[in-house]
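Engineer: This structure is in C-alpha cells; I'll ask about it shortly.
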Amino acid sequence: MAQLDIIGVTKAFGPVKVLHGIDIAVADGEFLVLVGPSGCGKSTLLRMIAGLESVTGGELKIGGAVVNDLPPRGRDIAMVFQDYALYPHKSVRDNIGFGLRMRNIATDDIARRVDDAAKILQITHLLDRKPGQLSGGQRQRVAMGRAIVRDPKVFLFDEPLSNLDAQLRAEMRVEIKKLHQRFRNTVVYVTHDQVEAMTLADRIAVMKGGHVEQLGTPDEIYNHPRTTFVAGFTGSPPMNFAPCTIGEDGGSIILDGGATLAVPKARQAQLQAARGKRMTFGIRPEHITISAEDGNSLQAEVILTEPLGSDTLGLLKIGQTEMTGRFAPDAGLKPGATRAVTLAMSKFHLFDPETGVSLQ
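In the working numbering, the protein residues as written are 223 to 582.
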C-alpha cells in the first residue's frame, strides 16, 4: 500500500488536450472513484497511473517516488480491466498466478497465494476450469484474484463491472467493498455509474471535460454539489432543476409559472446578494412529498408514474416546471390527477444560471 499523488497532470494527443492539470492526493488505503460521462478523461488518467499512457505534464508519485518514466511493471500496481483480459487457454489457477511467475516468484509461494486468493473470492472450486467455462461474474473474480495475489502498492479498476447484469453488478460491488475493508489497499476505480461511485468510494472525483469538477466524500458530492453538473450527475433520478427568480425581500423563490416557495429564515441570509436575480433552483426527488393542502403546499399535476416496488417515481408538473419526486408505493399517484405536494425548503439548492456554480 502507498499514497498516490497526482500533481498538475496534463495529457494531450497532438494538439488535442484531454486532461487539464489534475491534482489529487490519494491517501494510503483510500478508495478513490473517478466518475464522469464518456470522454471526460477518467480512463485516460487511470491508464497514465498504470503506465499505459505517457504523461504530457505534471508528476505522478507512488509512495513518494516519481513514476512518470517507469514502465508498468516497475510501478508495483495491479489493474483489473473491463474485459477481464484472461488467457483463454490457461486454467483459472494459471491465470491468477501468471503475473507472479513472470516475476520469478517461487512455485510454492505462488501456489499458496493463488489458493489464498481463491478462498477469499470463493472460487476454489473453479481453479482447474478455463475462462470459457465461467460466467461473467466468475471471470471478474478471477481477474480480481490475479490482482490480489500481487499485493501491489495501488489497485486500479477500469470499469470492471460494466459487462455484468444488474444483479451481478450489485453483488460484485459488495465483494469489492468487502475486499477493501479487509485489506485497506489504495484503490483508484473508474466508472461512469454514479451508484457504484457513491456506494464504493471514500472520496469521489467527478470529472468533466478533462477537469475535476468536484472532489469530496459521497456525502459532500450528493448533499453539497458545487455545480449543476455534479448535482445532475449524482442521484438516481438526479436532482430537479427549475429556472426561478429570487424575491426582492430575499425570503422567497418564485418558479417560472408563478409558484412561490417560502424560504426558511435560517437560509434567507444566503439569498440577500441574489435578491431579484434569475437563478436555477434545485431539489432532490426525495425532498418532494405528498401533503395536505395548506399554505405551504403546491398543486402538482401527475404526468406519469414509474413503480419500482420499494418506491414510486412520479413526474409532476408544478406550474410550468416538471419535477420528479420519489414517493411511497402506496401514495396513490395516478396520471392526470392533481395532488398537493410540499418541497423541503431546508434542502433546496441554488445555482448561477450562467456559470452553473452553487450559490451556497
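Beta carbons are placed, not taken as given, at the ideal position from N, Cα and C, and that holds for glycine.
Hey, how far is the Cα of Asn518 from the Cα of Val485?
Structural biologist: For the purposes of this step, residue 518 is taken as the residue at position 296 of the sequence shown. For the purposes of this step, residue 485 is taken as the residue at position 263 of the sequence shown. Asn518 and Val485: Cα-Cα distance of roughly 11 angstroms.
Engineer: Can you have a look at His311 and say buried or exposed, based on whether 16 or more other CB atoms are within 10 angstroms of its CB?
Structural biologist: Along the sequence shown, one-based indexing puts residue 311 at 89. So His311 counts as exposed.
Engineer: Give the list of continuous beta strand (DSSP E) stretches no shorter than 3 residues that lie fully inside the segment 348-436.
Structural biologist: You should have 376-380, 408-413, 425-430.
Engineer: Got a sec, what are the start and stop residues for the alpha helix (DSSP H) Val452 sits in?
Structural biologist: Here residue 452 refers to the residue found at position 230 of the sequence shown. Where Val452 is concerned, the enclosing alpha helix (DSSP H) stretches over 450-455.
Engineer: Could you tell me whether the Cβ atoms of Leu254 and Ala423 are closer together than 8 angstroms?
Structural biologist: The sequence position of residue 254 within the sequence shown is 32, counting from 1. The sequence position of residue 423 within the sequence shown is 201, counting from 1. Contact flag set, yes.
Engineer: Per DSSP, what kind of secondary structure is Gln315 in: helix, strand or coil?
Structural biologist: By one-based count along the sequence shown, residue 315 stands at place 93. With the sequence shown as reference, residue 315 is identified as Arg, and Gln is not the correct amino acid for it. Arg315 falls in the helix class under three-state DSSP.
Engineer: Taking Leu454 as the reference, give the member of Gly431, Gly504, Arg548 with the closest Cα.
Structural biologist: On the sequence shown, position 232 is the one that residue 454 refers to. In the sequence on display, residue 454 carries Gly and not Leu. Looking at the Cα atoms, Gly504 is the closest of the given residues.
Engineer: Which of the three DSSP states is assigned to Ala566 in this structure?
Structural biologist: Counting from one through the sequence shown, the residue named residue 566 turns up at place 344. Reduced to three states, the DSSP call for Ala566 is coil.
Engineer: So what does DSSP say about Ile345, is it helix, strand or coil?
Structural biologist: By 1-based counting over the sequence shown, the position of residue 345 is 123. Looking at Ile345 - three-state DSSP - the assignment turns out to be coil, as it is neither helix nor strand.
Engineer: Since Lys430 and Phe463 should fall inside the 8 angstroms C-beta cutoff, what is the C-beta to C-beta distance between them, to a whole number of angstroms?
Structural biologist: Along the sequence shown, read from residue 1 onward, the residue named residue 430 stands at position 208. Along the sequence shown, read from residue 1 onward, the residue named residue 463 stands at position 241. At roughly 16 angstroms, the Cβ-Cβ gap does not stay under 8 angstroms, so Lys430 and Phe463 are not in contact.
Engineer: Could you check the C-alpha separation between Gly438 and Asp415 for me, to the nearest Å?
Structural biologist: Within the sequence shown, residue 438 is the residue found at index 216, counting from 1. Within the sequence shown, residue 415 is the residue found at index 193, counting from 1. If I take the Cα positions, the gap works out to 17 angstroms.
Engineer: Suppose you measure from the CA of Pro557 to the CA of Leu538; what does that come to, to the nearest Å?
Structural biologist: Numbered from 1 along the sequence shown, position 335 holds the residue referred to as residue 557. Numbered from 1 along the sequence shown, position 316 holds the residue referred to as residue 538. Pro557 and Leu538: Cα-Cα distance of roughly 9 angstroms.
Engineer: Can you check DSSP and say which residues form a bridge with Ala300?
Structural biologist: Counting from one through the sequence shown, the residue named residue 300 turns up at place 78. Beta-bridge pairing links Ala300 to Phe377.
Engineer: With a Cβ-Cβ cutoff of 8 angstroms, do Val371 and Leu308 count as a contact?
Structural biologist: If you number the sequence shown from 1, residue 371 lands on position 149. If you number the sequence shown from 1, residue 308 lands on position 86. The answer is no: Cβ separation not under 8 angstroms.
Engineer: Short check: CB of Leu348 to CB of Gln362, under 8 angstroms?
Structural biologist: On the sequence shown, residue 348 is found 126 positions in, with the first residue counted as 1. On the sequence shown, residue 362 is found 140 positions in, with the first residue counted as 1. Their beta carbons are not under 8 angstroms apart, which means Leu348 does not touch Gln362 by this criterion.
Engineer: Sort Gly236, Ala522, Thr467, Gly243 by Cα distance to His433 and report the nearest one.
Structural biologist: Position 211 of the sequence shown holds residue 433. Selected option, being the one with the closest Cα: Gly243.
Engineer: Just the Cα atoms here: how many angstroms apart are Phe303 and Ile271?
Structural biologist: If you number the sequence shown from 1, residue 303 lands on position 81. If you number the sequence shown from 1, residue 271 lands on position 49. Roughly 14 angstroms separates the two Cα atoms.
Engineer: Report the residue from Gln492, Arg448, Glu470 whose alpha carbon sits nearest the alpha carbon of Thr482.
Structural biologist: Translated into the one-based positions of the sequence shown, residue 482 becomes position 260. When each option's Cα is compared against that of Thr482, the closest is Glu470.
Engineer: Spatial neighbours of Arg548 within its chain, please: CB distance less than 7 angstroms, with the 5 preceding and 5 following residues excluded, ordered by chain position.
Structural biologist: Your numbering for residue 548 matches position 326 in the sequence shown. If we look at Arg548 and ignore the five residues flanking it on each side, its Cβ neighbours are Pro507, Glu508, Asp533, Leu535.
Engineer: By how many angstroms is the C-alpha of Lys239 removed from the C-alpha of Ser276?
Structural biologist: Walking along the sequence shown from the start, residue 276 turns up at place 54. Walking along the sequence shown from the start, residue 239 turns up at place 17. Answer to the nearest angstrom: the Cα atoms are 13 angstroms apart.
Engineer: Any idea if Pro259 is buried or exposed, counting beta-carbon neighbours within 10 angstroms, 16 or more meaning buried?
Structural biologist: Taking the sequence shown and counting its residues from 1, one reaches residue 259 at position 37. Label assigned to Pro259: exposed.
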